[in-house]
Every structure is written in structure tokens, then in C-alpha cells.
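Asker: Chains as they are written, first to last, in the numbering used here: chain Y, 1 to 744; chain V, 1001 to 1248. Here a beta-carbon is modelled for each residue, glycine too, at the ideal position from N, C-alpha and C. Computed from a prediction, not measured in an experiment: that's the story for all the values here.
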């Protein structure tokens, strides 16, 4: 296995694994993780599978699904690549005890809690004993991390639909439903829907430590009784009880959930009878969609879930059923005087609240300390200045990292690796054309990639992951929501924009989180205009270095106004309704190093897989063009435009064309062309114009490739044409303006 | 029929009267209306939940019979009853309560303006008359009295469609920071959005607190249960609420 070699698993461990594989693969179980956003689903997945996760798009969509495999034997969980940090509570966790002692409480309360704790331990031992079944054989567990979904009855967001479709089309052997102990009623809404499916279910009650800090105690046994399925309490970020959870899930899957007696929600007040009538009708007409319980189908029909498996069929020839659906909907709506969606939702929430009341002690207040920080971060007066400070601080940190990197490893690379590679290539490679290809593609390409990727992109992603994990990113979305509305977007779109500041490629990919096509179109344009770290390097390396840092801010101002103008224009021209922001703001959390590094790697991986090959190939092609002088065929026709209109030296055309491949290489090329300092080659005015044009004129080839894949080539072509026109127009105007101002 | 419920000035005789009116007008019976009106009045100047004890006090009946009646009303979906917190009206119950209030205030108008009854007496008599007024009768009285907007005490007469004119419909955007309100309804033509908000737990009857209002453009940060949500003002305008005032 490639990946294993990549992460340097020692020979000893490799042998151990081989042994395990042979013993273990006697049975295989497919587990799907389903949960609402922000419940710690991906934390659990990461804890189990580590870096071994495979990201793939769900067929026909852009929604990502993570898959990983772990092995389970008597006492251990193995991941082939990364040993997960999962541990069980051998006894009720000491940390829990510590937490309890720390909370000042009345004597009676403490007694109750201690009893609760003992009950907890008993519960734990029961499961531990029950799952000691795989003594002789091992099991292979394929785990799928489905996108976070608030509901799967009638989902709205693209990723929620994927969750539903996945369960329908590839029903797993067992579903692990991860619920957040701090917000039981809403999380149970999803659980109630999952109970309707004919798939064994295990509930994972996560974040019980946080719940405890918020003053919430959950009676696990009672919850188990009320739901009729196993409930395992966990603290995912510490890996607590995750092994037990896997074992229970595997056990449930192998027994096909026979010992389960899921308790399903019966709607009160006559709704149940109406649903039954609808179900009966569907059954009589033999309208049973694949693997979808009729109860869910009838609720979907009532809630007008457009993609419901039956809707299309119904509309054409099943007039009778359509009428019944309409009749039942009217009945419910007139009786309860509200939209049927709200009526059903209310009843479900009523039941979920009832369960919560039965099993939960304490109401739950958000932790006052973090809440106070959150108040400051989202404050009406201080919120925006703080956000600005944090953003500027992050950028400065990235520049510092870049400077340190190029001063140390960069120098070393230039001094030793490059000459050595050149020597090796010229000595051992016979044909000059191959030499050029190897030198430009591999040596210069990898060098350039390395110098952008590690200091700028990786650092940026670490910062972004921290912002995301702490919950600050969601707060920025809240702060800037109204501003984004002016661009025809809403707060959520700020996330791909910020990602785009690292590299436009993941920024474009990040636009998937937007709900409508219109939003994605606008966001595509804007993300591409966001100056990425390479474009930042150009700005800093030319006009800011030789002129003044003020020029850099002016350029940022110009680009921002271009984005605002373009956004406003697109908002008015593109058809379609514009929605607002509904987004959960998770509580602030302290970031955890391992989670952040794993997340950074998963993001950074895209940059390795997509950008690196393109850079190598593109570098080779350009090297050939440059070495054989073909480049001038392209430069010469462009001269009038570049020299006459933009006022740049003719060689700048070559740099601009090279920049399509990779933006920051334009600077390197300029240095080569100028034979040293750019100052001798370009004036401040020219540098200024050059910087503006390179930041806007066309997305780099990696971004173009991703754009084509995500949006289609027509869109990409329109976008490229627009940006080129815009860059030339703006560059020319700035040029003539500066000339008019008397700048040389 | 149902035990216990008595009017504030109640006698057993009146009880039988109210059951007979109930029969005449079919469901909802007068005692149901009495209860809903009392709950509505309690809620209007207080908070989301009315305690059964208070209700018993206002209606002048035993707490036990209140509990019994309230449970019965809950099964008919006029109200929600939680032992620990008390009673809260559903939309259906609120609508009926407003209707009763309308009849009550019209009856008061009739008594004071046409018959010259004093204000204080008018209230007690109106409590009984309200159950006998049909919508037609109401309209005739209103016609005769030149469409008065308020009752003699100066309170607005609710419209026939269940809205109160001088109490404009509140939406989330009308609230200030840290104010709490109860969601009544989410009016949005976009069923997708409705489903999304329902799935996130923003449903009628839930209490919303405004945590923050964004510096530009009034995006709201709201608290529902223990979860926080950011909500664009465009959407917040679709969430109709009524204020909930805390005791403190």
C-alpha cells in the first residue's frame, strides 16, 4: 500500500499489520456515520481512520464523502495507516469525576450525580461484556463519513440530499448516529428519522464533557429505553469510548440489529391516522421506492420534498395519490392553521423534547466564559475591528513564515539542490529536449511549488483550520453577512473567499457549500479575483518592495472595489432568487493540534494532487517554448497591447503568459529578464500596473482546471474572457492615470 | 360534561347554562372559551407560560380541576401543557381566544354604549354574553355602534380574522438585543427554507433570544434552545413572533 510507505510505518509494524490482515479479514461491515453539523462527526471519523481517509465525490454531485477502513479484533482497533488515539473508559472516567468535583453544587445534587455516575459505569460494563464476541475472529470495518445533515426526511441542502440518497442506494450494515449531548432535542429530530429506516442504528452521544460543563446530565439507560437502540456516550476529541462504540456498532451490524426494538414516533392529534392512510394508499398502489420506508415517503410527500423518489411518477399517472396527498396536507394545514412543514416539525420537536425531558437533568446554559469571548468577537462595535486585526495578523504571520522559509531552506535549495540537479541532468540525460523538460518541469517546477506550498499555502491552511475549529469562521460569516448580500451572496460565502486567499483552487472547491447555482456562479467569479498567496507574493515582491507598502494596500483596495462592482453587477444580471443566511454558530472551542494538522493535510492534499502535476507538466511545456524561442511568437503580437496600452516593457508579455501557469513565477521570470533587480527594468508605475494586471487577468492553470471540472468549460471560458478584459481595461486606466499624475 | 370550570362569578346554575350554550353552538363549548380567554389574558401581560395555579385563581376554581381541563384542552390541540412550566397557547388556541376576546369587548361596547351599564358591571355581564354572540350578531352590533376600535376600557377589539389592529405583527427584526420572543409562524413562500429552519429547530412555540445584532445590515445572532444561529435580516423578517416578558 502506497500510503503506508509514504508515512513511514516501520517494517516491524508492517509485518504486524500483514499478520493482522490475514487473521482479521474474516468478516466485513459497512458503517455510515450520520449526524448534524458541528456534533464532532468528522472528529470521530478522523480518530478512527487518521490519514487513511479517501475523499471521493458522490456520483453526480460535488459533495464529498470520506471513506476509511479500520480493523477490529478482540481488544484493539487498527487503522492500517495511522494508529488512532482511541481509548475506552476502563472505569468511569477520572476526568468526569474531576469535572464533577469542580462544579460547586449542593449536597443533594452531588449525591444524585454520583448515583448517575455509578449507573453510567454499569451501563458501560454491560456493553463491554456484550461485545466480547470477536475473540477468535477479526472484522474489517469500512466507515463512511456522510455529510452533516440536520434532517434526512426532506432535506434542503445538497449534502443533506446526498446523505439521504446514500442511505437509500447503499444501505450500510449499521448507522452510527452521532448526537450532541448539549443540544439533545434538535439532534433527536434526526435520530427519530433514522429510526424509521430498516437499518440497525447505534446512537453515539458525543460531547458529554461539554454537556456536563453546561450543567446537563443525561440518563443513558433511560435514553436507550426510549429509543430502543444502543446509546454510547463519548468524548470524541479525547478519543474516549470510541473503541467501544466501534465494537457495539460491529456487533449490531453482525446481528443485523435483531435485538433492537426501535421506538418510532407516533404523531399525535390525528396526524398519525392521516399518515397511515397515505402509507396504505402508497402500498396499495405498489409505489415503494428503493429502500425508503413508506412512512418517510409519505412525510416527504406532505412536505413537498421535490426530489422525493415518487414525486415525478406521482405527477403523471398517479392522480389519485396526488389528490390524497393534497387532501391530507390541506386537512392538516387547516386544522393546525400553519404550514404542514411547521406542523410536522413541531410535533417531532415536541416528541424530541419529551424524550429530552425524560432523560436529561439540568437545562443547560452555554459556558459563561467562552460565551463572554464570543460576545466580544461578535460585538456590534468591536466585532469588525477585531476581525480585521485577526485577518491582518494572519497575513503578517504568513509573510513572516514565507520570509523565514526562503531565508533558510530556500537558500539551501538554491545553493545545493538546483546545481546538483542540473549537473545530474546534463550528465546523465542525453537529449537536450529531455534535459529541458526535466529541468523546467521537475527541478524548477518542484522548487517553485515547494516555495509557495509550504510557507504560504500550508501556513494559511493551518490558520484557517484554527479559525474553523474554534468556531471563529462562522462568526466572521455572521459579521459580514449583510456586506455579502450586496454582492448577491450571503455570509456563508465568506468561507471560500478566505480559503481563496491561500490558493484559489480550494476556494473554488469550497463554493460547493453554497446552495443555489446562482450563488455558486457569483462566488466563482469573486473567488478567482481574491488575490491568492502567490499573487500576494507578486505584489509584495515588486511594487511594495521597491515603492512603498502603501501601494500594496491601494492594490487591495482596487481589487476589493472590482469585486464589489462585479458582484453587484452579477447580482442584478443573473436570474434567480437570492436567499439569506441561516447558519449555526457553534460554541467557541479550544483548537486541538492533531485535529488541525489532520484537517490541514486533507486540504493541503488537494494542492498536492491537483497543483503539483499541472505545474510539472506546464513547466516542461513552457521550458521548451522558452528555450527554443517559440515564446516570441506569442509575445510579438501582444506587444502593442502590453507596451502601448499598459505601458510595460515588451518582455512583460512573456512574464504574463508564464503567469498563467503559476502566478508567482512572473516575478521570477522578471528577475531573470531584468538580470538582477527589477528596479532597473521597470519603473514604480510599471510595477504597479503589472501587479494589478497579474492579480486580475486570468486564473492560473490549476484554478482553470478546477473551474472547468466544477462549473463546466463554458463558464470557465466566460470567466477567463471577463477577467482578461477587466485586467487590460483596469491596467490601462491605471497606467494613463498614473502617467497623468506625472509618475515616470 | 366536564367538571369544575366555573365563571369568575360562578354558580352551578351558570355551569349548566354554559354547557347548554356549548350544545347550542357545538364545539368549542363556553367553558373552553372561558379557559382560553383567561389563559390569553394571563399570557398577554406576562410571559410564555401560564401557571395552572394562576389560572385557578383567575377562574375561581380548584387547581386540580384546572389541570384536568387543561389536559383535555391539550388533547384538542388548543394549548400545550407541560407540568413543570405551565400552559401555553397553540396557534389554534390563540385564534379562538382572540375570537372570544372580540366577542367580549363587543358585548362590553353594547352594554356601555347602548344600555348605559357602568364599566365595572359591563365586564362581568360581558363574560356571560360573549358566549352567545354569533359572528353575524357581532357585525350587526359593530354596525350599529359605528365600528368602534376599542372596548370601553380602551383595549382594542380584535378583528374577525384573528388579528389585533393596534398590536402590529412582530417579527424577529423588531426585537432588540437580549430580548426574548416566542415564534408564532414562519411565513416564507420558499418551502425549502421553511424545511431548513424546521430541521434546525426553529419552530413555532420555541423561544428565541436575540444574542447579537451584526454591525452592518442587521444580521441576527439568535439563540434557540442551546444552539446559536446567524440569520439574515431578510429571513428574520419572515419569522413572526410574540414578545415574552420575563418576570424579572
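(1) Pick out the complete beta strand (DSSP E) segments inside the region 505–548 of chain Y, 3 residues or longer, and give them in chain order.
(2) Any idea what DSSP makes of residue 1183 of chain V, helix, strand or coil?
(3) DSSP three-state label for residue 380 of chain Y, please.
(4) Short of 6 Å in beta carbon distance, which residues of its chain neighbour residue 325 of chain Y, apart from the five on each side in sequence? Order them along the chain.
(5) Does the region 491–507 of chain Y come into contact with the region 699–706 of chain Y, if we say contact requires no fewer than three beta-carbon pairs (one atom in each stretch) closer than 8 Å?
(6) Which residue comes first and which comes last in the beta strand (DSSP E) that contains residue 584 of chain Y?
(7) How many angstroms separate the CA atom of residue 515 of chain Y from the CA atom of residue 408 of chain Y?
(8) Listing by chain order, which chain Y residues have their CB less than 7 Å from the CB of residue 1191 of chain V?
(9) Can you grab the Cα-Cα spacing for the pair residue 550 of chain Y / residue 365 of chain Y, in whole Å?
(10) Hey, could you find the ends of the alpha helix (DSSP H) residue 302 of chain Y is sitting in?
(11) Can the beta-carbon of residue 220 of chain Y be found closer than 8 Å to that of residue 233 of chain Y?
(12) What does the Cβ neighbour count give for residue 1053 of chain V, buried or exposed, with the cut at 16 atoms within 10 Å?
(13) Along the chain, which unbroken stretches of the alpha helix (DSSP H) at least 4 residues long are found entirely within the region 183–251 of chain Y?
(14) Between residue 586 of chain Y and residue 206 of chain Y, what straight-line distance do the alpha-carbon atoms span, to the nearest angstrom?
(15) For chain Y, find out if any of its Cβ atoms is closer than 8 Å to the Cβ of residue 1091 of chain V; answer yes or no.
(16) Of the choices Y/596, Y/223 and Y/720, whose alpha-carbon is the least far from that of residue 357 of chain Y?
(17) Find the residues of chain V that neighbour residue 154 of chain Y, judging by a C-beta separation of less than 8 Å, and give them in chain order.
(18) With 9 Å as the C-beta to C-beta threshold (strictly closer), list the residues of the region 473–489 of chain Y near chain V in chain order.
(19) Apart from the five residues on each side of it in sequence, which residues of its chain come closer than 8 Å, Cβ to Cβ, to residue 1091 of chain V?
(20) Verify whether the separation of the beta carbon atoms of residue 1093 of chain V and residue 1079 of chain V is less than 8 Å.
(21) Please confirm whether residue 414 of chain Y has its beta-carbon closer than 8 Å to some beta-carbon of chain V.
(22) Report all residues from its chain with a CB closer than 8 Å to the CB of residue 163 of chain Y; omit the five preceding and five following residues, and keep chain order.
(23) Using the rule of at least 16 other Cβ atoms within 10 Å of the residue's Cβ for burial, across every protein chain shown, is residue 682 of chain Y buried or exposed?
(24) On the CB-based measure, 16 or more other CB atoms within 10 Å of its CB, does residue 1049 of chain V come out buried or exposed?
(25) Tell me, please, which residues DSSP counts as bridged to residue 35 of chain Y.
(26) List the endpoints of the continuous alpha helix (DSSP H) containing residue 729 of chain Y.
(27) Quick one, are the C-beta atoms of residue 179 of chain Y and residue 188 of chain Y less than 8 Å apart?
(28) Where residue 541 of chain Y and residue 486 of chain Y are concerned, what is the direct C-alpha to C-alpha distance, given to the nearest angstrom?
(29) Output yes or no for whether 8 Å exceeds the beta carbon distance between residue 256 of chain Y and residue 200 of chain Y.
(30) Residue 1158 of chain V and residue 1326 of chain V - do their beta-carbons sit closer together than 8 Å?
(31) In angstroms with no decimal places, state the Cα-to-Cα distance between residue 439 of chain Y and residue 622 of chain Y.
(32) Quick one: is residue 634 of chain Y buried, meaning 16 or more other Cβ sit within 10 Å of its Cβ, or exposed?
(33) Can you tell me which of the three DSSP states residue 369 of chain Y falls into?
(34) Cβ atoms of residue 28 of chain Y and residue 140 of chain Y: under 8 Å apart, would you say?
(35) In angstroms, rounded to a whole number, what distance separates the CA positions of residue 430 of chain Y and residue 441 of chain Y?
(36) Would you be able to state if there are at least three C-beta pairs under 8 Å between the region 1103–1110 of chain V and the region 1123–1131 of chain V?
Answerer: In short:
(1) Runs of beta strand (DSSP E) with 3 or more residues, each lying fully within the region 505–548 of chain Y, are absent.
(2) Position 183 of the second chain, counted from the first residue, corresponds to residue 1183 of chain V. Strand.
(3) On the first chain, residue 380 of chain Y is found 380 positions in, with the first residue counted as 1. Correct three-state label for residue 380 of chain Y: coil.
(4) Counting from 1 along the first chain, the entry for residue 325 of chain Y is found at position 325. 301, listed in sequence order.
(5) Touching, per the Cβ criterion.
(6) Taking the first residue of the first chain as 1, we reach residue 584 of chain Y at position 584. That run of the beta strand (DSSP E) goes 582–585.
(7) Looking up residue 515 of chain Y in the first chain gives position 515. Looking up residue 408 of chain Y in the first chain gives position 408. Rounded to whole angstroms, residue 515 of chain Y to residue 408 of chain Y spans 44 Å at the Cα level.
(8) Reading the second chain from its first residue, position 191 is the one you call residue 1191 of chain V. Chain-ordered, the chain Y residues with CB closer than 7 Å to the CB of residue 1191 of chain V read 304 and 341.
(9) Position 550 of the first chain, counted from the first residue, corresponds to residue 550 of chain Y. Position 365 of the first chain, counted from the first residue, corresponds to residue 365 of chain Y. Take the alpha-carbon of residue 550 of chain Y and the one of residue 365 of chain Y: they are about 47 Å apart.
(10) Taking the first chain and counting its residues from 1, the one referred to as residue 302 of chain Y is at position 302. Residue 302 of chain Y -> alpha helix (DSSP H) spans 294–302.
(11) One-based indexing of the first chain puts residue 220 of chain Y at position 220. One-based indexing of the first chain puts residue 233 of chain Y at position 233. In this structure, residue 233 of chain Y lies closer than 8 Å to residue 220 of chain Y by Cβ.
(12) Residue 1053 of chain V sits at position 53 when you count from the first residue of the second chain. Classification of residue 1053 of chain V: exposed, given that the 10 Å Cβ count is below 16.
(13) DSSP runs (the alpha helix (DSSP H)) wholly in the region 183–251 of chain Y: 184–196, 208–213 and 220–227.
(14) Numbered from its first residue, the first chain carries residue 586 of chain Y at position 586. Numbered from its first residue, the first chain carries residue 206 of chain Y at position 206. Straight-line Cα distance between these residues: approximately 14 Å.
(15) The sequence position of residue 1091 of chain V within the second chain is 91, counting from 1. Chain Y, which has a Cβ nearer than 8 Å to the Cβ of residue 1091 of chain V, makes this yes.
(16) Reading the first chain from its first residue, position 357 is the one you call residue 357 of chain Y. Closest by alpha carbon: Y/223.
(17) For the purposes of this step, residue 154 of chain Y is taken as the residue at position 154 of the first chain. Taking a Cβ-Cβ threshold of 8 Å, the residues of chain V close to residue 154 of chain Y are 1195, in chain order.
(18) Hits within the stretch, in order: 474, 475, 477, 478, 479, 480, 481, 482, 483, 485 and 486.
(19) One-based indexing of the second chain puts residue 1091 of chain V at position 91. Closer than 8 Å at Cβ, skipping near neighbours: 1184, 1185 and 1204.
(20) Along the second chain, read from residue 1 onward, the residue named residue 1093 of chain V stands at position 93. Along the second chain, read from residue 1 onward, the residue named residue 1079 of chain V stands at position 79. Cβ distance < 8 Å, so residue 1093 of chain V and residue 1079 of chain V count as in contact.
(21) One-based indexing of the first chain puts residue 414 of chain Y at position 414. Not flagged as an interface residue toward chain V: residue 414 of chain Y, since no C-beta distance is shorter than 8 Å.
(22) Here residue 163 of chain Y corresponds to residue number 163 of the first chain, with the count starting at 1. Excluding sequence neighbours, residue 163 of chain Y sits near 34, 146, 147, 149, 152 and 155.
(23) Position 682 of the first chain, counting from 1, holds the residue named residue 682 of chain Y. With 16 or more other Cβ atoms from the protein chains shown falling within 10 Å of its own Cβ, residue 682 of chain Y counts as buried.
(24) Residue numbering aside, residue 1049 of chain V sits at position 49 when the second chain is read from its first letter. Looking at its Cβ environment, which holds 16 or more other Cβ atoms inside 10 Å, residue 1049 of chain V is buried.
(25) For the purposes of this step, residue 35 of chain Y is identified with residue 35 of the first chain, where counting begins at 1. Under DSSP, the beta-bridge partners assigned to residue 35 of chain Y are Y/178.
(26) Start at 1 with the first residue of the first chain, and residue 729 of chain Y comes out as number 729. Secondary structure note for residue 729 of chain Y: its alpha helix (DSSP H) is the uninterrupted segment 713–740.
(27) The residue labelled residue 179 of chain Y in the question sits at position 179 within the first chain. The residue labelled residue 188 of chain Y in the question sits at position 188 within the first chain. Cβ atoms of residue 179 of chain Y and residue 188 of chain Y: closer than 8 Å.
(28) Here residue 541 of chain Y corresponds to residue number 541 of the first chain, with the count starting at 1. Here residue 486 of chain Y corresponds to residue number 486 of the first chain, with the count starting at 1. Taking the straight line joining both Cα atoms gives about 33 Å.
(29) Counting from 1 along the first chain, the entry for residue 256 of chain Y is found at position 256. Counting from 1 along the first chain, the entry for residue 200 of chain Y is found at position 200. Yes, the pair counts as a contact, with Cβ atoms nearer than the cut-off.
(30) This structure gives no information on residue 1326 of chain V, because the portion of chain V shown stretches from 1001 to 1248.
(31) For the purposes of this step, residue 439 of chain Y is identified with residue 439 of the first chain, where counting begins at 1. For the purposes of this step, residue 622 of chain Y is identified with residue 622 of the first chain, where counting begins at 1. Approximately 11 Å, taken between the alpha carbons.
(32) For the purposes of this step, residue 634 of chain Y is taken as residue 634 along the first chain, with counting starting at 1. With fewer than 16 other Cβ atoms within 10 Å, it is exposed.
(33) Position 369 of the first chain, counted from the first residue, corresponds to residue 369 of chain Y. Residue 369 of chain Y sits in a helix when the DSSP states are folded into three classes.
(34) Indexing the first chain from 1 puts residue 140 of chain Y at position 140. Indexing the first chain from 1 puts residue 28 of chain Y at position 28. The Cβ atoms of residue 140 of chain Y and residue 28 of chain Y lie closer than 8 Å to each other.
(35) As a working note, residue 430 of chain Y is residue 430 in the first chain. As a working note, residue 441 of chain Y is residue 441 in the first chain. So the two alpha carbons sit approximately 17 Å from each other.
(36) At 8 Å Cβ cutoff, the stretches touch.
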